[in-house]
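Engineer: I'd like to ask you about the structure that follows.
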Amino acid sequence: MINIAFWEPIFIICLINVIFVAGLYINALSGILQLCTAALAGIGGYASAVLTTNLGWSFIPSVIVGAFCGAVIGTLLAVITARMSVFILKLATLAFGEVVVIFAFNLDYIGGANSFTGIPLETNLLIASVGAALAVYVAWQIDRSPTGYAARCVRDDPVATAAIGISILKIRTLTFALGAAIIAMGGAIQAHYFLVINPTELGFFVSLTYVIFLVVGGIQTLWGPILMAVVLTAIPEAMRFANEYRLVLYGFIVVVIVLLRPEGLITRETFRFKNTNNDSTQ
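The sequence shown begins at 210 in this note's numbering and counts up one residue at a time.
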């Protein structure tokens, strides 16, 4: 017989991680593999929690405000990093995440190093399911839209994409803002389930978990990262009774997939612009 009390928290955590990886996938569509997912989630979580806990707002409006804060931060990051190389861009997003951690540690209004506590419990399986469905639907629609095709062109061949008149800045700003909004929404939903926000959970090593979901699942598709977000979240949680071995199994699964499928579990062809010029000598 299924133990609902045992499995429900695992389902909720899986669904929240699906929200995060859907937002990260939208970011990565245009070549921005950012390393500050946990910080963006923290921004949405703090914004929403302050509104519900300190100002008496209801839950849904606070989540919308949290998502809006993520969109604003994502837009600013995209504009600031627009002229950076891919490597420097990743470092810049990592540095941004660590700056957010430092601010969170030192702002007494949001709890500082003692964490933000007293957040009301609002998230349940239904809320998490609706949030995940919305995030996946938006990511799916973007992925198959003209904007999605343009974003993948930017990621796969930015020089050729710019040459045919597509604005790299516009596409990257749009995907970063939208992806950050979804991640911040997930952070707001998560905050009202865990009921506490700790600044240590906003750093790089937490963000790295979501990057693993994305890369192992396959950065070229939406469904691979979503599958990995569910599998690699559920297995360690479900095996808490074997505490000594669950993380070993987790690492083993990741290593096997990386060795056997270096491009990710689910892949598709990248965009390549063909040279139609006649190069034959006369």
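Note that the Cβ used here is the ideal one computed from N, Cα and C, for glycine as well. Note that this is a predicted model, so its numbers are computed, not measured.
With burial defined as no fewer than 16 other Cβ atoms inside 10 Å of the residue's Cβ, what is the status of arginine 381: buried or exposed?
Structural biologist: Answer is buried; the Cβ neighbour count reaches 16.
Engineer: Taking C-alpha atoms, which residue in Pro218, Ile221, Gly232, Ile311 lies nearest to leucine 387?
Structural biologist: Selected option, being the one with the closest Cα: Gly232.
Engineer: Considering just the uninterrupted stretch of the alpha helix (DSSP H) at tryptophan 266, what are its terminal residues?
Structural biologist: Per DSSP, tryptophan 266 belongs to no alpha helix (DSSP H) and is neither H nor E.
Engineer: DSSP three-state label for isoleucine 428, please.
Structural biologist: In the structure shown, isoleucine 428 sits in coil (DSSP, three-state: anything other than H, G, I, E or B).
Engineer: Compute the Euclidean distance between the alpha carbons of alanine 389 and isoleucine 252, then round it to the nearest angstrom.
Structural biologist: About 10 Å.
Engineer: Suppose you measure from the CA of leucine 330 to the CA of glycine 433; what does that come to, to the nearest Å?
Structural biologist: Going from the Cα of leucine 330 to the Cα of glycine 433 covers about 31 Å.
Engineer: Alpha carbon to alpha carbon, how far is isoleucine 328 from glutamate 446?
Structural biologist: Computed Cα separation, rounded: 24 Å.
Engineer: Within 10 Å of its beta-carbon, does valine 310 have 16 or more other beta-carbons around it, so buried, or fewer, so exposed?
Structural biologist: That one is buried.
Engineer: Going by DSSP, what residues sit across from phenylalanine 325 in a beta bridge?
Structural biologist: Answer is Ile406.
Engineer: Check whether the Cβ atoms of glycine 254 and glycine 396 lie closer than 8 Å to each other.
Structural biologist: Result yes, Cβ atoms of glycine 254 and glycine 396 sit closer than 8 Å.
Engineer: If we count the other Cβ atoms within 10 Å of its Cβ and call it buried at 16 or more, is glycine 412 buried or exposed?
Structural biologist: Answer is buried; the Cβ neighbour count reaches 16.
Engineer: Here's the rule I'm using: 16 or more other beta-carbon atoms within 10 Å means buried, otherwise exposed. How should aspartate 352 be labelled?
Structural biologist: Answer is buried; the Cβ neighbour count reaches 16.
Engineer: Taking glutamine 350 as part of the alpha helix (DSSP H), name the residues at either end of that continuous run.
Structural biologist: Glutamine 350 -> alpha helix (DSSP H) spans 334-352.
Engineer: Please state if the CB of alanine 443 and the CB of isoleucine 221 are separated by a distance shorter than 8 Å.
Structural biologist: In this structure, alanine 443 does not lie closer than 8 Å to isoleucine 221 by Cβ.
Engineer: What do you get for valine 259, buried or exposed, if any count of 16 or more other CB atoms within 10 angstroms of its CB means buried?
Structural biologist: Counting Cβ neighbours within 10 Å, valine 259 comes out buried, since at least 16 surround it.
Engineer: Just curious, the alpha helix (DSSP H) that phenylalanine 355 is in, first and last residue?
Structural biologist: Per the sequence shown, residue 355 should be read as proline rather than phenylalanine. Looking at the DSSP string, the run of the alpha helix (DSSP H) that includes proline 355 is 355-365.
Engineer: Can you name, in chain order, every residue of its own chain whose Cβ lies under 7 Å from the Cβ of isoleucine 373, other than the five neighbours on each side?
Structural biologist: Closer than 7 Å at Cβ, skipping near neighbours: no residue.
Engineer: Applying the 10 Å Cβ sphere with the 16-neighbour rule, what's the burial state of serine 294?
Structural biologist: Exposed, by the Cβ-count rule.
Engineer: In chain order, what residues of the same chain lie with their CB nearer than 8 Å to the CB of serine 338, ignoring the 5 residues before and after it?
Structural biologist: Only Leu224 meet the Cβ criterion.
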